[in-house]
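Peer 1: To start, I am sharing the structure in question, which I have written as structure tokens.
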Amino acid sequence: MPATASITTPIYYVNDRPHIGHVYTTTLCDAWARAMRLRGFDTFFLTGTDEHGVKVEKSAAANGVSPQAWADRNAAEFEAVLRLFQQTNDDFIRTTQPRHERQVQLLVERLRAAGALAKGSFEGWYDEGEETYLTETKAKECDYRSPVSGRPLVRAREENWYFRLSAFAPRLERLFADHPDFVRPAARRNEVLGRLREGLQDVPITRTNFSWGIPMPGDPGHVIYVWIDALLNYVTALGLGDGSQPERNRFWPADYHVVGKEILWFHAVIWPAMLMALELPLPKCVYAHSFWISEGQKMSKSLGNFIDLPALQGYVDRYGLDALRWFLVTRGPLDATDTDFRAAAFHDTYMAELVNTVGNCSSRVSAMIGKTFDGRMPEDPQGGGEWPARCAAAVRAWEGHIDRFELVQATGVAMGLLREVDGFINRTEPFKLAKDPARRGEVGSILAQCAETVRIAGVLLEPFLPVKTVDLAAAFGGVGGDWAQRSRWGALTPGRGLVKVALYPRVETAPAG
RNA sequence: GGCCUGGUAGCUCAGCGGAUAGAGCGUCCGACUCAUAAUCGGAGAGACCUCGGUUCGAAUCCGAGCCAGGCUACCA
Numbered sequence: 105m106p107a108t109a110s111i112t113t114p115i116y117y118v119n120d121r122p123h124i125g126h127v128y129t130t131t132l133c134d135a136w137a138r139a140m141r142l143r144g145f146d147t148f149f150l151t152g153t154d155e156h157g158v159k160v161e162k163s164a165a166a167n168g169v170s171p172q173a174w175a176d177r178n179a180a181e182f183e184a185v186l187r188l189f190q191q192t193n194d195d196f197i198r199t200t201q202p203r204h205e206r207q208v209q210l211l212v213e214r215l216r217a218a219g220a221l222a223k224g225s226f227e228g229w230y231d232e233g234e235e236t237y238l239t240e241t242k243a244k245e246c247d248y249r250s251p252v253s254g255r256p257l258v259r260a261r262e263e264n265w266y267f268r269l270s271a272f273a274p275r276l277e278r279l280f281a282d283h284p285d286f287v288r289p290a291a292r293r294n295e296v297l298g299r300l301r302e303g304l305q306d307v308p309i310t311r312t313n314f315s316w317g318i319p320m321p322g323d324p325g326h327v328i329y330v331w332i333d334a335l336l337n338y339v340t341a342l343g344l345g346d347g348s349q350p351e352r353n354r355f356w357p358a359d360y361h362v363v364g365k366e367i368l369w370f371h372a373v374i375w376p377a378m379l380m381a382l383e384l385p386l387p388k389c390v391y392a393h394s395f396w397i398s399e400g401q402k403m404s405k406s407l408g409n410f411i412d413l414p415a416l417q418g419y420v421d422r423y424g425l426d427a428l429r430w431f432l433v434t435r436g437p438l439d440a441t442d443t444d445f446r447a448a449a450f451h452d453t454y455m456a457e458l459v460n461t462v463g464n465c466s467s468r469v470s471a472m473i474g475k476t477f478d479g480r481m482p483e484d485p486q487g488g489g490e491w492p493a494r495c496a497a498a499v500r501a502w503e504g505h506i507d508r509f510e511l512v513q514a515t516g517v518a519m520g521l522l523r524e525v526d527g528f529i530n531r532t533e534p535f536k537l538a539k540d541p542a543r544r545g546e547v548g549s550i551l552a553q554c555a556e557t558v559r560i561a562g563v564l565l566e567p568f569l570p571v572k573t574v575d576l577a578a579a580f581g582g583v584g585g586d587w588a589q590r591s592r593w594g595a596l597t598p599g600r601g602l603v604k605v606a607l608y609p610r611v612e613t614a615p616a617g
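Under this note's numbering, think of the first position of the first sequence as 105, with each following residue one higher.
Written out as structure tokens, the structure is:
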């Protein structure tokens, strides 16, 4: 029975327009999920939409439709985006689906039964126009005025159900002490630890000022606050709330919850505490990436410089889907600092890595075999020379990087193999030797070694470049089978067809602006 | 305000106690011509933010400062 692997994106808020952030997070998860499937793991990749809350209720009203109709429309757009970018999610959960709502109520019941909930009163700064509370920090920042209308905030009080987060402080401390990799990267973990030291407050988990949400069981009039509702998606999708999908139980706990840095606290502190209360296992790692900025400027609604769907589509039209995915994964803000999305950098990366390295290397090797060996994989009496060991080491290193969610390093391993092949060709000059019929055997060895290395590098690139690596694999012998077979030296046996490929076309100039 | 990161070649970054500080890209020179005007080699290029400390030895550890960014409880 194969080992399992599971990964999640946050569920996306249907009130937002899809943009580079959503595509980035999803693409990271997709690349990892594809890598694990490639390795033969029993893999589950979950994403979805978060559809409750005041904002949805208000937007729907403003657009003259019901909240459900509004959510349906926008959720459909998020799903369309997944298909557009060829994401391979295994499920798409929506918080308005009956399967989710039913389980959230059961799980909240369980929290209450476990003594993790208490009724209390909440007092805070209330924006009457927006019908929403602002945090103390935010209120202060806005000079105690509504950031929207500018009218003064009022002190308001509400009866709510609270989650007794403070009661979990000792267990959370132990979690962070025992599992230093629970939150990554390390800089983010430090931030969480810093805040943990300041002490934990109980968190309100119900609201009474809107109705678009899941009713609190046994206390109508109270609606379960969107965050609690949303976090639970990770387990409701697997049927853990009501045992409705036993065949999916094996995918919990998740290996990675990949999230943006702004929602780390919920995932790193509130969520594990909820799971402790529910007596469910904790995810192995919450990975918080940073943000993209656009041409040196922070993306914001006021600047109108969001890298939105049309912008992304423009890159795909011009450079192809592989190019976009490659740039996002290899140049993205996977560590604790934001990174810049620049059109010029996108162009340079595409040219240097996909065209001049992946494309050209596979092209020159396949072309020489086409010419010299009639498009058949030649014999190699040298048994691969140093290459089998080098490739085996690369495969092992790649697996380690994937395990640790070091996606950039994983791509680097494959690129390193291709660069070595390019150097090897220049040193051994098979194209020169080919002119001397007496040295045909030698040429065969060289080219066979190159071809097999390129094929293996191509396999390692599949999760990141899912479109063109299909052509690469087909052109380099069409080696099938499982991971062990495909990653093994020698699978491209002599005599197999090997046709010339031209994977990534040159794109002459960087687009203006 | 509090807390957390980072400041290393023109650019993006790796190195985080030990030899002349590295990679990729860009630039310049050379080689080659199988390949997508690609590739390979070489070169140039750095007070490793500043000041002080610890040490036989500091880019690396400690302290202070400067600069940039982040987090501070409902936007990927």
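The C-beta atom is built at its ideal place from N, Cα and C for all residues, glycine as well.
Less than 6 Å between C-beta atoms, sequence neighbours within five positions excluded: which residues of the same chain meet that for Leu518?
Peer 2: Against the first sequence, residue 518 aligns to sequence position 414. The residue you asked about is not Leu; residue 518 is Ala in the sequence shown. Contacts found: Ala561, Leu564, Leu565.
Peer 1: Going along the chain, which unbroken runs of the beta strand (DSSP E) with 3 or more residues stay wholly within the segment 303-370?
Peer 2: If we require 3 residues or more, the beta strand (DSSP E) runs fully inside the segment 303-370 come out as 360-364.
Peer 1: Are there 16 or more other CB atoms within 10 angstroms of the CB of Gly599, so buried, or fewer, so exposed?
Peer 2: Along the first sequence, read from residue 1 onward, the residue named residue 599 stands at position 495. Answer is exposed; the Cβ neighbour count stays below 16.
Peer 1: Helix, strand or coil: how does DSSP classify Arg121 here?
Peer 2: On the first sequence, residue 121 is found 17 positions in, with the first residue counted as 1. Three-state DSSP puts Arg121 in coil, outside helix and strand.
Peer 1: Could you check if Gly617 is buried or exposed, using at least 16 other CB atoms within 10 Å of its CB as the buried criterion?
Peer 2: As a working note, residue 617 is residue 513 in the first sequence. Confidence is the limiting factor: at Gly617 the pLDDT is only 38, short of 50, which leaves the residue's position unreliable, though a coordinate-based value still follows. Answer is exposed; the Cβ neighbour count stays below 16.
Peer 1: Would you mind working out which of Thr441, Trp375, Tyr116 sits nearest Arg275, comparing C-alpha positions?
Peer 2: Start at 1 with the first residue of the first sequence, and residue 275 comes out as number 171. Per the Cα distances, Trp375.
Peer 1: Do you know offhand how far Ala184's Cα is from Pro122's?
Peer 2: Start at 1 with the first residue of the first sequence, and residue 184 comes out as number 80. Start at 1 with the first residue of the first sequence, and residue 122 comes out as number 18. Approximately 10 Å between the Cα atoms of the pair.
Peer 1: On the criterion of 16 or more Cβ atoms from any shown chain inside 10 Å, does Gly224 qualify as buried, or is it exposed?
Peer 2: Residue numbering aside, residue 224 sits at position 120 when the first sequence is read from its first letter. Classification for Gly224: exposed.
Peer 1: Which same chain residues, not among the five before or five after Arg141, have their C-beta less than 6 Å away from its C-beta?
Peer 2: Taking the first sequence and counting its residues from 1, the one referred to as residue 141 is at position 37. Excluding positions up to five away in sequence, the list reads Thr147.
Peer 1: Report the option in Ala588, Asp176, Val525 whose CA atom is closest to the CA atom of Thr461.
Peer 2: Numbered from 1 along the first sequence, position 357 holds the residue referred to as residue 461. Minimum Cα distance to Thr461 is reached at Val525.
Peer 1: Leaving out five residues before and five after Pro387 in sequence, what residues of the same chain have Cβ atoms less than 7 Å from its Cβ?
Peer 2: Here the question's residue 387 lines up with position 283 in the first sequence. These residues qualify, in order along the chain: Pro357, Ala358, His361.
Peer 1: Among Pro350, Ser348, Trp136, Gly152, whose alpha-carbon lies nearest the alpha-carbon of Val433?
Peer 2: Walking along the first sequence from the start, residue 433 turns up at place 329. Looking at the Cα atoms, Trp136 is the closest of the given residues.
Peer 1: Among the candidates Lys365, Asp247, Thr557, whose CA atom is the shortest distance from the CA of Pro256?
Peer 2: Here the question's residue 256 lines up with position 152 in the first sequence. Residue Asp247 is the option with its Cα nearest to Pro256.
Peer 1: Give me the DSSP bridge partner(s) of Gly601.
Peer 2: For the purposes of this step, residue 601 is taken as residue 497 along the first sequence, with counting starting at 1. DSSP, once it has assigned bridges, lists Arg480 as partnering Gly601.
Peer 1: Give the single residue among Ala372, Asn167, Pro534, Asp452 whose Cα lies nearest to the Cα of Val390.
Peer 2: The count along the first sequence starts at 1 and reaches residue 390 at position 286. Among Ala372, Asn167, Pro534, Asp452, the Cα nearest to that of Val390 belongs to Ala372.
Peer 1: So, Tyr128 versus Gly436, is the Cβ gap smaller than 7 Å?
Peer 2: Translated into positions along the first sequence, residue 128 becomes position 24. Translated into positions along the first sequence, residue 436 becomes position 332. Yes, the pair counts as a contact, with Cβ atoms nearer than the cut-off.
Peer 1: By DSSP, does Ser110 sit in helix, in strand, or in coil?
Peer 2: As a first step, residue 110 must be located in the first sequence, where it is residue number 6. Ser110 falls in the strand class under three-state DSSP.
Peer 1: What's the gap between the Cα of Leu576 and the Cα of Cys554?
Peer 2: Numbered from its first residue, the first sequence carries residue 576 at position 472. Numbered from its first residue, the first sequence carries residue 554 at position 450. Leu576 and Cys554: Cα-Cα distance of roughly 14 Å.
Peer 1: For Glu399, which residues of its own chain have a beta-carbon under 6 Å away from its beta-carbon, when the five flanking residues on both sides are left out?
Peer 2: Counting from 1 along the first sequence, the entry for residue 399 is found at position 295. Closer than 6 Å at the Cβ level, and outside the excluded window around Glu399, lie Arg446.
Peer 1: Which residue's Cα is closest to the Cα of Phe370: Ile529, Glu227, Phe568, Ile115?
Peer 2: The residue given as residue 370 occupies position 266 in the first sequence. Answer by Cα proximity: Ile115.
Peer 1: Buried or exposed for Ser591, please, with buried defined as at least 16 other CB atoms from any protein chain shown within 10 angstroms of its CB.
Peer 2: For this step, residue 591 is matched to residue 487 along the first sequence. It is buried - the Cβ of Ser591 has at least 16 other Cβ atoms within 10 Å.
Peer 1: Have a look at Arg216 and Asn294 and give me their C-alpha separation to the nearest angstrom.
Peer 2: Taking the first sequence and counting its residues from 1, the one referred to as residue 216 is at position 112. Taking the first sequence and counting its residues from 1, the one referred to as residue 294 is at position 190. So the alpha carbons of these two residues sit roughly 31 Å apart.
Peer 1: Label Asp134 either buried or exposed according to how many other C-beta atoms from any shown protein chain fall within 10 Å of its C-beta, with 16 as the threshold for buried.
Peer 2: One-based indexing of the first sequence puts residue 134 at position 30. That one is buried.
Peer 1: When the Cα atoms are used, what is the spatial distance from Pro615 to Thr532?
Peer 2: Counting from one through the first sequence, the residue named residue 615 turns up at place 511. Counting from one through the first sequence, the residue named residue 532 turns up at place 428. Unreliable placement is indicated for Pro615, whose pLDDT of 49 sits below 50; no coordinate value is reported for it.
Peer 1: Under 7 Å, do Val212 and Asp333 count as touching if we go by C-beta distance?
Peer 2: Locating residue 212 in the first sequence gives position 108, counting from the first residue. Locating residue 333 in the first sequence gives position 229, counting from the first residue. The answer is no: Cβ separation not under 7 Å.
Peer 1: Between Arg138 and Trp587, how many whole angstroms is the CB-CB distance? I'm expecting something under 8 Å.
Peer 2: In the first sequence, residue 138 corresponds to position 34, counting from 1. In the first sequence, residue 587 corresponds to position 483, counting from 1. Contact doesn't hold; Cβ gap of about 12 Å is too wide.
Peer 1: In terms of DSSP beta bridges, what is Lys539 paired with?
Peer 2: For the purposes of this step, residue 539 is taken as the residue at position 435 of the first sequence. In the DSSP output, where bridge partners are listed per residue, Lys539 has none listed.
Peer 1: For the structure I just gave you, are there three or more beta carbon pairs, one from the segment 184-198 and one from the segment 151-158, closer than 8 Å?
Peer 2: In short, these stretches touch, since the Cβ pair count reaches three.
Peer 1: Can you list, in chain order, the residues of its chain with a C-beta nearer than 6 Å to that of Ala542? Leave out the 5 residues immediately preceding and following it.
Peer 2: Looking up residue 542 in the first sequence gives position 438. Here the set comprises nothing.
Peer 1: Considering only the alpha carbon of each residue, which of Trp265, Asp231, Thr239, Arg261 lies closest to Ser250?
Peer 2: Taking the first residue of the first sequence as position 1, residue 250 is located at position 146. For the residues Trp265, Asp231, Thr239, Arg261, the minimum Cα distance to Ser250 belongs to Asp231.
Peer 1: Please classify Ser394 as buried or exposed, where buried requires at least 16 neighbouring CB atoms within 10 angstroms.
Peer 2: In the first sequence, the residue the question calls residue 394 occupies position 290. So Ser394 counts as buried.
Peer 1: Expressed to the nearest angstrom, what Euclidean distance is found between the alpha-carbon atoms of Glu227 and Pro308?
Peer 2: Residue numbering aside, residue 227 sits at position 123 when the first sequence is read from its first letter. Residue numbering aside, residue 308 sits at position 204 when the first sequence is read from its first letter. The straight-line gap from Cα to Cα measures roughly 10 Å.
Peer 1: Would you kindly work out how many angstroms separate the C-alpha atoms of Ser467 and Lys604, rounded to a whole number?
Peer 2: Locating residue 467 in the first sequence gives position 363, where the first residue counts as 1. Locating residue 604 in the first sequence gives position 500, where the first residue counts as 1. About 6 Å.
Peer 1: Would you call the segment 169-188 and the segment 320-336 touching, i.e. three or more CB-CB distances under 8 Å?
Peer 2: At 8 Å Cβ cutoff, the stretches do not touch.
Peer 1: Report the option in Cys495, Phe145, Ala271 whose CA atom is closest to the CA atom of Pro106.
Peer 2: By one-based count along the first sequence, residue 106 stands at place 2. For the residues Cys495, Phe145, Ala271, the minimum Cα distance to Pro106 belongs to Phe145.
Peer 1: Do Ser110 and Phe355 come within 7 Å of each other at the CB atom, strictly closer than that value?
Peer 2: Residue mapping note: residue 355 aligns to position 251 of the first sequence, counting from 1. Residue mapping note: residue 110 aligns to position 6 of the first sequence, counting from 1. Yes; because the gap between Cβ atoms is below 7 Å, this pair is in contact.
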